[in-house]
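Numbering (my numbering), first residue to last: 242 to 945.
Note that the Cβ used here is the ideal one computed from N, Cα and C, for glycine as well.
Bear in mind that the values here come from a model prediction, so they are computed numbers and not experimental data.
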């Protein structure tokens with residue numbers, strides 16, 4: 242019976258296509274003795290890295306866990322002048338430890354330089370004399386040469402020497418041959434060995450040792466790449482949509498990279514070349530990644546990956562991707578905000594993602610400075626823009642889209658670009674509207690805040706898709722390089738549209754929008770683009786700080802805010818009230834702006850819908866009307882002579898279609914004095930139409 246400490250002694254694991262038995266686990270601990278990971282030995286003889294789980298087994302691979310030297314607690318506790326013996330394996334280190342030596346290893350065959358770069362694994366040996374011990378049959382001579390070259394820069398004495406004697410492949414062979422004289426011979430060999438110099442490392446060559454008779458078969462590139470991916474410490478995981486990602490440590494921070502991208506393959510090739518000095522094919526990369534995918538649990542190895550902004554429930558904060566090269570985040574709390582680092586970043590980045598300019602301690606900028614650039618002069622337009630921008634900082638709720646319309650020369654595109662560069666900095670702030678629905682869904686998914694420029698018409702399918710993006714839409718797409726596998730994407734997005742006209746008259750679409758109309762800029766008030774961009778560069782950090790202050794207020798106040806009446810996108814309305822102080826708007830002003838926007842929505846719905854106009858005219862003419870849906874369809878069609886009008890193709894083709902269209906515009910009609918009721922008489926469906934007169938317009942001055 243083996244030692245009880247290896248509690249998973251008889252646990253079976255799949256290695257390749259054969260069953261292997263775990264026989265030993267070599268622990269790697271941090272300075273305090275806390276277990277980080279283990280080197281696992283299986284029979285038939287095979288090694289693997291693993292992290293011990295609470296359930297008792299191991300999770301294969303190392304992910305982002307810190308890499309350390311074997312026996313690190315003993316090294317840290319030892320005196321600086323105590324020699325450390327660096328050997329190729331944990332078994333050799335354990336054997337020499339029984340003779341009273343301070344021993345260590347990294348447990349690698351190659352990849353030392355990567356662990357030095359990413360984890361500074363060598364630093365605990367600083368100040369110690371080090372004996373790096375190899376043997377004639379060792380396949381690790383290249384690695385031990387790299388170890389010696391690294392340590393020679395931080396240690397007072399480094400000696401790299403080979404164990405004496407024939408047929409000595411390792412420490413165990415050496416002790417078996419020399420018996421009691423082993424330690425004497427070892428120390429004599431160490432004394433006589435020359436000090437290692439950096440020049441020696443350059444003479445050793447970069448190639449791997451040639452296979453000698455009796456040595457194991459050379460590993461394939463598949464095996465080498467699989468091991469290298471463990472050595473470099475990349476953590477593979479699925480996102481919430483089932484896409485495979487890798488978290489990669491880079492200069493002290495972690496980056497998320499989608500595996501199905503060319504960038505991932507380029508990084509893999511760079512790591513392989515760094516370790517092996519050779520190239521690796523796309524097919525080999527694909528095969529290794531396919532095997533990696535198979536080892537992950539789609540129910541456990543999952544992380545939430547979002548664009549730009551998430552809510553962290555663990556400390557009630559909003560987390561925003563800064564867009565900076567160090568992958569730092571902006572973390573907003575109820576009373577403050579700061580720039581921070583996250584080991585497990587929850588963000589994905591598109592190629593055009595740019596950075597926020599704001600710095601910690603940046604004072605909140607003045608809203609007026611923004612409207613020196615954006616040509617919104619009236620109080621209503623400014624209020625809607627401020628509320629819309631502040632809402633971009635709030636995750637997980639449905640928020641309105643922003644429609645900027647106006648005549649040529651009103652600065653619509655530049656205003657939309659300016660807003661985007663503040664709330665969601667991007668190298669490509671404006672984009673053309675996609676021609677088909679599938680590309681529209683993709684554009685909505687790939688951008689945090691899509692900004693579609695110069696759009697003047699939406700068909701019904703496009704309008705529905707934009708509506709669904711506001712409240713949340715799920716759609717299915719085929720995975721790359723597969724015929725049957727699909728992935729379901731879920732999207733909830735704010736968006737911006739610009740156009741001379743409002744691009745869409747459907748009530749459902751307009752009810753999810755803030756409508757801002759800009760006036761033509763007078764010639765004497767125009768500024769050139771270079772001047773405007775210079776002004777934006779100056780004010781952008783302050784306005785961004787102002788928006789973070791808005792979000793902080795929203796976190797602090799939204800639970801205590803009570804809204805007046807029911808609003809479309811009620812959560813967004815409530816957050817606006819919660820952010821009123823930083824928005825520099827009173828609750829009454831916010832309510833009024835919301836109501837005025839609803840009026841504008843209703844007006845645009847009626848102005849752009851032939852059915853709405855026909856019902857308005859018909860009801861005003863009749864005063865009151867009652868009948869079946871079929872009777873209404875016939876009378877309404879005759880009343881407006883729909884079959885002979887230029888817009889006859891837009892007219893409903895059946896009574897059922899007319900009833901469906903009426904449901905979408907009932908709210909807008911009611912705001913303009915037309916009431917529609919659905920009733921039953923003798924089990925027959927009936928419709929009642931009545932004209933009550935236009936309701937009182939909202940008087941902004943009365944509300945404030």
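Verify whether the separation of the beta carbon atoms of residue 896 and residue 868 is less than 8 Å. Looking up residue 896 in the chain shown gives position 655. Looking up residue 868 in the chain shown gives position 627. No, the pair does not count as a contact, with Cβ atoms beyond the cut-off.
Chain D contact for residue 323 (CB, 8 Å cutoff): Judged by its chain identifiers, the structure shown contains no chain D, having just a single protein chain.
What is the residue span of the alpha helix (DSSP H) that residue 515 lies within? Reading the chain shown from its first residue, position 274 is the one you call residue 515. Per DSSP, residue 515 belongs to the alpha helix (DSSP H) from 503–517.
Report the residue from 765, 659 and 731 whose alpha carbon sits nearest the alpha carbon of residue 782. Translated into the one-based positions of the chain shown, residue 782 becomes position 541. It is 659.
Within 10 Å of its beta-carbon, does residue 290 have 16 or more other beta-carbons around it, so buried, or fewer, so exposed? Taking the first residue of the chain shown as position 1, residue 290 is located at position 49. The residue in question, residue 290, is buried, as its Cβ has 16 or more Cβ neighbours within 10 Å.
Taking the straight line between their C-alpha atoms, what separation do you get for residue 875 and residue 928? For this step, residue 875 is matched to residue 634 along the chain shown. For this step, residue 928 is matched to residue 687 along the chain shown. Spanning the two alpha carbons is a distance of roughly 13 Å.
Member of 316, 317 and 388 whose CA lies at the smallest distance from the CA of residue 348: Stepping through the chain shown from its first residue, residue 348 is reached at position 107. Checked all of 316, 317 and 388; the closest Cα to residue 348 is 388.
Please report the distance separating the alpha-carbon of residue 484 from that of residue 680. One-based indexing of the chain shown puts residue 484 at position 243. One-based indexing of the chain shown puts residue 680 at position 439. For residue 484 and residue 680, the distance between alpha carbons rounds to 19 Å.
Within 10 angstroms of its Cβ, does residue 530 collect 16 or more other Cβ (buried), or is it exposed? The residue you call residue 530 lines up with position 289 of the chain shown. Label assigned to residue 530: buried.
Return the bridge partner residues of residue 919 from the DSSP annotation. One-based indexing of the chain shown puts residue 919 at position 678. DSSP output for residue 919 lists 928 as bridge partner(s).
May I ask you to list the residues that DSSP assigns as paired with residue 560? As a working mapping, residue 560 is identified with position 319 in the chain shown. Paired residues: 551 and 572.
By the three-class DSSP mapping on this structure, what secondary structure does residue 268 have? Counting from 1 along the chain shown, the entry for residue 268 is found at position 27. In the structure shown, residue 268 falls within a strand segment according to DSSP collapsed to helix, strand and coil.
Residue closest to residue 588, alpha-carbon to alpha-carbon, out of 284, 687 and 646: Stepping through the chain shown from its first residue, residue 588 is reached at position 347. With distances taken between Cα atoms, residue 588 lies closest to 687.
Quick one: is residue 665 buried, meaning 16 or more other Cβ sit within 10 Å of its Cβ, or exposed? Taking the chain shown and counting its residues from 1, one reaches residue 665 at position 424. Per the 10 Å Cβ criterion, buried.
Since I believe residue 692 is in contact with residue 657 (beta carbons under 8 Å), could you give me their beta-carbon distance rounded to a whole number of angstroms? Along the chain shown, one-based indexing puts residue 657 at 416. Along the chain shown, one-based indexing puts residue 692 at 451. Contact holds; Cβ gap of about 6 Å.
Under the three-state DSSP convention, the category residue 372 falls into: Residue 372 sits at position 131 when you count from the first residue of the chain shown. Looking at residue 372 - three-state DSSP - the assignment turns out to be strand.
Can you tell which of 384, 500, 759 and 685 has its C-alpha closest to the C-alpha of residue 526? Counted from its first residue, the chain shown places residue 526 at position 285. Comparing Cα-Cα distances from residue 526 to each of 384, 500, 759 and 685, the minimum goes to 500.
By how many angstroms is the C-alpha of residue 708 removed from the C-alpha of residue 841? Here residue 841 is taken as the residue at index 600 of the chain shown, counted from 1. Here residue 708 is taken as the residue at index 467 of the chain shown, counted from 1. The straight-line gap from Cα to Cα measures roughly 17 Å.
DSSP beta-bridge partners of residue 865: If you number the chain shown from 1, residue 865 lands on position 624. Paired residues: 931.
Is residue 262 helix, strand or coil by DSSP? Residue 262 sits at position 21 when you count from the first residue of the chain shown. DSSP places residue 262 in strand when its eight states are reduced to three.
Considering Cα atoms alone, identify which of 580, 264 and 592 is closest to residue 599. Translated into positions along the chain shown, residue 599 becomes position 358. Of the listed residues, the one whose Cα sits closest to residue 599 is 580.
Counting only the same chain and skipping the five closest in sequence on each side, list residues whose C-beta sits under 6 Å from that of residue 304. Start at 1 with the first residue of the chain shown, and residue 304 comes out as number 63. These residues qualify, in order along the chain: 476.
Between the segment 632–640 and the segment 788–806, can you find at least three pairs of beta-carbon atoms closer than 8 Å? Contact holds: three or more Cβ-Cβ distances are below 8 Å.
With a threshold of 8 Å, are at least 3 pairs of Cβ atoms found where one atom belongs to the segment 464–471 and the other to the segment 554–568? Segments in contact, no.
My output table needs one value for residue 415: the three-state DSSP class, helix, strand or coil. The residue you call residue 415 lines up with position 174 of the chain shown. Residue state, collapsed to three classes: helix.
Should residue 833 go down as buried or exposed, given a rule of 16 or more other Cβ atoms within 10 Å for buried? For the purposes of this step, residue 833 is taken as the residue at position 592 of the chain shown. It counts as buried.
Is the CB-CB distance between residue 513 and residue 469 below 8 Å? Numbered from 1 along the chain shown, position 272 holds the residue referred to as residue 513. Numbered from 1 along the chain shown, position 228 holds the residue referred to as residue 469. Taking 8 Å as the Cβ cut-off, residue 513 and residue 469 qualify as a contacting pair.
Kindly indicate which residue of 393, 394, 392 and 424 has the alpha-carbon position closest to the one of residue 404. As a position in the chain shown, residue 404 is number 163, starting the count at 1. Measuring from the Cα of residue 404, the nearest candidate turns out to be 424.
Comparing alpha-carbon positions, which option in 877, 766, 858 and 399 lies nearest residue 613? Residue 613 sits at position 372 when you count from the first residue of the chain shown. Nearest option by C-alpha distance: 766.
DSSP state of residue 878 mapped onto helix, strand, coil: As a first step, residue 878 is located in the chain shown; it is residue number 637 there, counting from the start. Helix.
Using DSSP bridges, identify the partner residues of residue 757. The residue labelled residue 757 in the question sits at position 516 within the chain shown. Residue 757 pairs with 645.
Own chain residues within Cβ distance below 8 Å of residue 888, not counting five before or after: By one-based count along the chain shown, residue 888 stands at place 647. 851, listed in sequence order.
Less than 8 Å between the CB atoms is what I'm expecting for residue 293 and residue 356, so what's the real figure, rounded? Mapped onto the chain shown, residue 293 falls at position 52. Mapped onto the chain shown, residue 356 falls at position 115. No, residue 293 and residue 356 are not in contact; Cβ-Cβ is about 20 Å, not under 8 Å.
Output the distance between the C-alpha atoms of residue 436 and residue 399, rounded to the nearest integer angstrom. Within the chain shown, the letter at position 195 stands for residue 436. Within the chain shown, the letter at position 158 stands for residue 399. Each residue's Cα considered, the two are about 6 Å apart.
Would a C-beta distance cut-off of 8 Å place residue 611 and residue 780 closer than the cut-off? Here residue 611 refers to the residue found at position 370 when the chain shown is read from its first residue. Here residue 780 refers to the residue found at position 539 when the chain shown is read from its first residue. The answer is yes: Cβ separation under 8 Å.
Assuming residue 509 contacts residue 352 (C-beta within less than 8 Å), just tell me the rounded distance between them. Indexing the chain shown from 1 puts residue 509 at position 268. Indexing the chain shown from 1 puts residue 352 at position 111. Not really, about 14 Å apart at Cβ, beyond 8 Å.
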